[in-house]
Structure formats: structure tokens, C-alpha cells
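Undergrad: Dumping the structure here so I can ask a few things about it.
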Amino acid sequence: MTLTFLGASHGIPEPHRRCSCTMVTIGERIYFVDMGVMAICDLTDRGLPVEAVKGIFITHMHGDHTNGLIHFADLISWYYTASDPEIFLPLLEGKEIIDSWIALSCHATRDLRYKQVAEGSVFDDGFLKVTAVRTQHTKSSFSYRLEAEGKAVLFTGDLRRPDADFPKGLAKDADLIICEGAHFPATEYKPFLEEASPERVIVNHYAPWNIPHIMELSKALPDLHITMATDGMEVNL
Ligand SMILES: [Zn+2]
Ligand SMILES: [Zn+2]
Numbered sequence: 002m003t004l005t006f007l008g009a010s011h012g013i014p015e016p017h018r019r020c021s022c023t024m025v026t027i028g029e030r031i032y033f034v035d036m037g038v039m040a041i042c043d044l045t046d047r048g049l050p051v052e053a054v055k056g057i058f059i060t061h062m063h064g065d066h067t068n069g070l071i072h073f074a075d076l077i078s079w080y081y082t083a084s085d086p087e088i089f090l091p092l093l094e095g096k097e098i099i100d101s102w103i104a105l106s107c108h109a110t111r112d113l114r115y116k117q118v119a120e121g122s123v124f125d126d127g128f129l130k131v132t133a134v135r136t137q138h139t140k141s142s143f144s145y146r147l148e149a150e151g152k153a154v155l156f157t158g159d160l161r162r163p164d165a166d167f168p169k170g171l172a173k174d175a176d177l178i179i180c181e182g183a184h185f186p187a188t189e190y191k192p193f194l195e196e197a198s199p200e201r202v203i204v205n206h207y208a209p210w211n212i213p214h215i216m217e218l219s220k221a222l223p224d225l226h227i228t229m230a231t232d233g234m235e236v237n238l
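Counting in the working numbering, the sequence shown runs from 2 upward without gaps.
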């Protein structure tokens, strides 16, 4: 499983850091966690087929995690029509809104496979298993655990703060934990990362003010490999 950070910024773009989007590649199959960027442009840059996208997992509906989804849904509605991913939305009302927007452009919309995210097992196509747990960031927000090829990755998604909603159950035995870094000092992760003790931690979605706290977290937990995500960064598990 390879993760490619296409957007590692927080709620707004930073220089050379776009909004949230991570591409997950398993063999020839592609998945996304959040889509705050125009992901088809990134696929095209890399020579990857849009038809290879099998699943899109949105953590919550804030624009920095979803603004690329309308672009994606629009293009697969009328051009890349062989592309048929399952699209997991924390609020399924988003489907009507995206369909209405696309209808304004006079393209015929086709039925895309939107699904409501719920707690528990949400996806298993024989290659990737995804499990979701609610967080308290919005009225419908989720953390995801992705499992493939014997490895497990936790995406915290946006949280209220770790002592309120860090997804301990999903963190258990994870090889990699991807923590958000926009809403509280990253040092608040310390007891939870100590307990989960993953091989690697990547702080993603971080605001500039949090960088000193991320460094402090890294110093406080020298046995964990803690780094910050940057756009284009690839991680192989
Ligand atoms: Zn966010
Ligand atoms: Zn958010």
C-alpha cells in the first residue's frame, strides 16, 4: 500500500500545500481519503487512469476536504464514464447538491455510487478494508482505519481534541497513524500515541502555529518516528 499526500494543508491552502487529499494505491487500484483538491489533475500528471479509482472516503463535509469532489463527480459523469468508484459521504444530502450543480452545466448526470458513512465496517472490496468511527469535529465526521496487504493505517480526520475523540479502537496495532494538526496543540496526542505505539506517525493538515508543538511531540516521543506531511510525499507500507 502506498500513500501519496496530494494535499497536506489545513483549512486553507499554504504555499506549496493544498487542502486535504490523500491517495492510497494498492496494486493497480486507487482510493482517496478526502478530496480537497482536483484529484483528476493529479492522476493525469502521474499518468494514472481515472478508472482505477475504486473508493473515495470523505471524513467530513468541510470544503477543505470536499472541494475537489464536485470536479471529480462532474468529469466522471460525462467523460470518464467507465469510472465507477464508491463515494462515501458523511452526509448523503451532498449527493443531491453535487447532482444539482452538475445538472446546471447541462450534462446528463449518471447515477454515481454515493454511500452514507456509518460507524463500523464501511468498505471491503477484497483489497482494502475500511472501518469508521465518529469524531466530534462536526455533526457528522469520521476517523478511518484502512487495512490492506497486512498493514493498517489510521486517519484521525479532523478532531475536537484527542482527549475527547481520539479513535483509540482504530489506533490499536496500526502501523501508521496520520494525525490532523489544525485544531489543538499536537502535544495533546502524546498519551494516545504512547498507548498505540505505531511504527510511524505523520502529522497532516497542520497549521503553521502548530509546527513547534509537533516538534515538541516528536522530541517527547523519540521512539516513534514522527514527521510532517508535505504535498507529493509518498509513504510505502
Ligand atoms: Zn479540515
Ligand atoms: Zn473540518
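Backbone N, C-alpha and C fix where the C-beta goes; we use that ideal spot for every residue, glycine too.
Based on the DSSP secondary-structure assignment, which residues constitute the bridge partners of His162?
TA: If you number the sequence shown from 1, residue 162 lands on position 161. In the sequence as displayed, the identity of residue 162 is Arg instead of His. In the DSSP output, where bridge partners are listed per residue, Arg162 has none listed.
Undergrad: Rounded to the nearest angstrom, what separates Leu129 and Met229 at their Cα positions?
TA: Taking the first residue of the sequence shown as 1, we reach residue 129 at position 128. Taking the first residue of the sequence shown as 1, we reach residue 229 at position 228. Rounded to whole angstroms, Leu129 to Met229 spans 25 Å at the Cα level.
Undergrad: What is the DSSP secondary structure of Leu105, counted as helix, strand or coil?
TA: Numbered from 1 along the sequence shown, position 104 holds the residue referred to as residue 105. Leu105 falls in the helix class under three-state DSSP.
Undergrad: How many whole angstroms separate the CB atoms of Ala9 and Thr188, which I take to be in contact at a CB cut-off of 8 Å?
TA: Taking the first residue of the sequence shown as position 1, residue 9 is located at position 8. Taking the first residue of the sequence shown as position 1, residue 188 is located at position 187. Rounded, the Cβ-Cβ distance is 20 Å, inconsistent with contact.
Undergrad: Measuring from the CB of His61, is there a heavy atom of ligand 2 at a distance below 7 Å?
TA: Residue mapping note: residue 61 aligns to position 60 of the sequence shown, counting from 1. Under cutoff, so the answer is yes.
Undergrad: What did DSSP end up calling Cys42 once you bin it into helix, strand or coil?
TA: Along the sequence shown, read from residue 1 onward, the residue named residue 42 stands at position 41. For Cys42, the three-state secondary structure derived from DSSP is helix.
Undergrad: Quick check: the stretch 59-71 against the stretch 10-23, are there 3 or more CB pairs under 8 Å?
TA: yes
Undergrad: Only counting runs of 4 or more residues, tell me where the alpha helix (DSSP H) segments fall wholly within the stretch 16-101, in order along the chain.
TA: 40-47, 64-79
Undergrad: Thinking just about the alpha-carbon of each residue, which of Ile103, Glu200, Leu90 is nearest to the one in Glu120?
TA: By 1-based counting over the sequence shown, the position of residue 120 is 119. With distances taken between Cα atoms, Glu120 lies closest to Leu90.
Undergrad: Could you name the residues of the same chain whose beta carbon sits closer than 8 Å to that of His17, not counting the 5 residues immediately before and after it, in chain order?
TA: Looking up residue 17 in the sequence shown gives position 16. In its chain, beyond the 5 residues on either side, Thr231, Asp232 have a beta carbon closer than 8 Å to the beta carbon of His17.
Undergrad: Ligand 2 heavy atoms versus the CB of Asp35: any closer than 7 Å?
TA: Reading the sequence shown from its first residue, position 34 is the one you call residue 35. Incorrect: Asp35 has no Cβ contact closer than 7 Å to ligand 2.
Undergrad: Please look up how many angstroms separate the CB atoms of Ile88 and Lys116, rounded, as I've assumed it's under 8 Å.
TA: Position 87 of the sequence shown, counted from the start, is the residue given in the question as residue 88. Position 115 of the sequence shown, counted from the start, is the residue given in the question as residue 116. Going by Cβ atoms, the distance from Ile88 to Lys116 rounds to 7 Å, so yes, they are a contact pair.
Undergrad: Taking C-alpha atoms, which residue in Pro199, Glu217, Phe124 lies nearest to Leu238?
TA: What you label residue 238 is simply residue 237 of the sequence shown in a count that begins at 1. The option with the nearest alpha carbon to Leu238 is Pro199.
Undergrad: Rounding to the nearest angstrom, what Cα-Cα distance links Glu94 and Asp224 in this structure?
TA: In the sequence shown, residue 94 corresponds to position 93, counting from 1. In the sequence shown, residue 224 corresponds to position 223, counting from 1. Rounded to whole angstroms, Glu94 to Asp224 spans 44 Å at the Cα level.
Undergrad: Measure from the alpha carbon of Leu171 to the alpha carbon of each residue in Thr45, Glu148, Gly127, then state which is nearest.
TA: As a first step, residue 171 must be located in the sequence shown, where it is residue number 170. Of the listed residues, the one whose Cα sits closest to Leu171 is Glu148.
Undergrad: Quick one, which of Ile227, Ala104, Gly127, Glu15 has its alpha-carbon nearest Leu194's?
TA: Within the sequence shown, the letter at position 193 stands for residue 194. That would be Ile227, whose Cα lies nearest to the Cα of Leu194.
Undergrad: With C-beta atoms as the reference, is Asp159 less than 8 Å away from Ser141?
TA: Start at 1 with the first residue of the sequence shown, and residue 159 comes out as number 158. Start at 1 with the first residue of the sequence shown, and residue 141 comes out as number 140. No; because the gap between Cβ atoms is not below 8 Å, this pair is not in contact.
Undergrad: If you follow the beta strand (DSSP E) that Met229 is in, where does it begin and where does it stop?
TA: Here residue 229 corresponds to residue number 228 of the sequence shown, with the count starting at 1. Counting along the chain, the beta strand (DSSP E) containing Met229 begins and ends at 226-229.
Undergrad: Using a threshold of 7 Å, is the CB atom of Asp159 nearer than that to any non-hydrogen atom of ligand 2?
TA: Within the sequence shown, numbered from 1, the residue matching residue 159 stands at position 158. Flag set: Cβ of Asp159 near ligand 2.
Undergrad: Can you find at least 3 beta carbon pairs, one from the stretch 174-188 and one from the stretch 210-224, that sit closer than 8 Å?
TA: As far as the Cβ criterion goes, the stretch 174-188 touches the stretch 210-224, which means the pair count is three or higher.
Undergrad: What whole-angstrom Cβ distance do Gly37 and Gly69 have, given they're in contact under 8 Å?
TA: Position 36 of the sequence shown, counting from 1, holds the residue named residue 37. Position 68 of the sequence shown, counting from 1, holds the residue named residue 69. With a Cβ gap of about 6 Å, Gly37 and Gly69 count as contacting.
Undergrad: If you run the structure through DSSP and keep just helix, strand and coil, what is Ile179?
TA: On the sequence shown, residue 179 is found 178 positions in, with the first residue counted as 1. Of the three classes helix, strand and coil, the one that applies to Ile179 here is strand, per DSSP.
Undergrad: I need the straight-line Cα distance from Arg135 to Ala165, nearest angstrom please.
TA: Translated into the one-based positions of the sequence shown, residue 135 becomes position 134. Translated into the one-based positions of the sequence shown, residue 165 becomes position 164. Roughly 11 Å separates the two Cα atoms.
Undergrad: Just to confirm my understanding: we take Gly28, look at its own chain, exclude 5 residues before and 5 after, and list those with CB closer than 8 Å. What are they?
TA: Here residue 28 corresponds to residue number 27 of the sequence shown, with the count starting at 1. Closer than 8 Å at the Cβ level, and outside the excluded window around Gly28, lie Phe128.
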